[in-house]
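Residues in the sequence shown are numbered consecutively from 1, following our numbering. Yeah, the Cβ is synthetic: ideal placement off N, Cα and C, and Gly gets one too. Just below is one structure, and these are the notes that go with it.
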Amino acid sequence: MEMIRIPDLLNVMHSRSENGEFIPFSITFVTNNKKLNTGGEKITLTSAQLVGGPKSKAEKSNPNHYTHYTRNIKATEGDRIIKIHVLLITRFNQDKVIL
1 MEMIRIPDLL NVMHSRSENG EFIPFSITFV TNNKKLNTGG EKITLTSAQL
51 VGGPKSKAEK SNPNHYTHYT RNIKATEGDR IIKIHVLLIT RFNQDKVIL
């Protein structure tokens, strides 16, 4: 069984192709929503991409993804954006995630 560390996982997740698009990856993570006190569901996306890029200055809120250790992803087949907590990723490109 192959393993990947979180810093390496983030480097791969932030990689872009020659045309500037984020490179797709497979991911398994556990949900967690502190506001609604819900979570614990394991979700697997066989093909997902990081969502984000340069922001407009008109945007009022700053999600502070790096501070909160979160990222926004979406399944390549869909439009729904999912905020994930990096420390709750259990598999990335079929590799087991370790700290």
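Please go through the same chain and pick out, in chain order, the residues whose beta-carbon is closer than 7 angstroms to the beta-carbon of residue i, but skip the five residues on each side of it.
i: residue 97; result: 4, 6, 9, 89, 90, 91
i: residue 51; result: 72, 73, 74, 81
i: residue 49; result: 22, 24, 73, 74, 76
i: residue 85; result: 32, 69, 70
Residue i: which of the options sits nearest, CA to CA?
i: residue 31; options: 42, 24, 21, 12; result: 42
i: residue 87; options: 64, 29, 17, 79; result: 29
If I follow the unbroken alpha helix (DSSP H) through residue i, where does it start and stop?
i: residue 6; result: 6-13
Compare the beta carbon distance of residue i and residue j with 9 angstroms and say whether it is the shorter of the two.
i: residue 15; j: residue 27; result: no
i: residue 67; j: residue 83; result: no
i: residue 21; j: residue 47; result: no
If you follow the beta strand (DSSP E) that residue i is part of, which residue opens it and which one closes it?
i: residue 46; result: 38-50
i: residue 26; result: 25-33
i: residue 71; result: 70-75
i: residue 86; result: Run containing residue 86: none; DSSP gives neither H nor E here.
i: residue 95; result: 95-98
Beta-carbon within less than 8 angstroms of residue i's beta-carbon, same chain only, minus the 5 sequence neighbours each way: which residues are those?
i: residue 33; result: 39
i: residue 2; result: 94, 95, 96
i: residue 19; result: none
Buried or exposed: residue i, going by 16 or more other Cβ atoms within 10 Å of its Cβ?
i: residue 13; result: buried
i: residue 36; result: exposed
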